[in-house]
Amino acid sequence: MAAVSARPDSAPSYGYTPPPPPPAKPEYSFDWAVKDDYAALDFGQQETRDGYNTDGSYYVLLPDGRVQKVTYTVHGDSGYVATVEYEGEVKHDAYGKPPAPVYTQPPTYGPPPTPAYGNA
1 MAAVSARPDS APSYGYTPPP PPPAKPEYSF DWAVKDDYAA LDFGQQETRD GYNTDGSYYV
61 LLPDGRVQKV TYTVHGDSGY VATVEYEGEV KHDAYGKPPA PVYTQPPTYG PPPTPAYGNA
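Take the sequence shown: its position 65, counting from 1, is numbered 65 in full-length UniProt numbering, and each next residue is one higher.
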């Protein structure tokens with residue numbers, strides 16, 4: 001018969017561990033845009049962040065022909081502050097009177113058949 005002893009390799013250590021270093025200050029900058037004249041698409045965005053301050057803007061071509069521009073900032077605890085502007089004039093399609101409905105008489109195929117039960 002064999003005896004097995006389960007013994008830990010060493011006692012646990014509960015010493016001091018220094019805190020992790022603070023995260024790096026977030027910094028980035030980006031921009032992108034889409035412009036497709038055939039599909040009438042025009043929109044984009046740009047943004048810059050330095051620490052807890054963010055500045056940016058985005059724009060979009062609206063279906064009525066105007067361009068909507070939004071400029072925004074986030075500085076510290078101020079929250080998201082946006083300014084919305086519109087450029088250009090509203091363009092409406094020319095309204096015309098709808099065409100008159102067209103009705104055609106269904107074709108006639110001759111006299112209706114005589115009933116088989118008849119009227120005597």
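Note that beta-carbon positions come from the ideal geometry of N, C-alpha and C, so glycine has one too.
Legend entry - Boundaries of the beta strand (DSSP E) in which Gln105 is found, first to last residue: Unbroken run through Gln105: none, as it is neither H nor E.
Legend entry - Residue range of the unbroken beta strand (DSSP E) whose run includes Tyr80: Tyr80 to Glu87
Inset, instruction - Kindly provide the ranges of any beta strand (DSSP E) runs that are 3 or more residues long and lie completely inside the segment 7-78, ordered along the chain. - result: 27-36, 41-50, 53-61 and 67-75
Inset, instruction - Mind the definition here: the segment 106-115 touches the segment 79-96 only if three or more C-beta pairs lie below 8 Å; say whether that holds. - result: no
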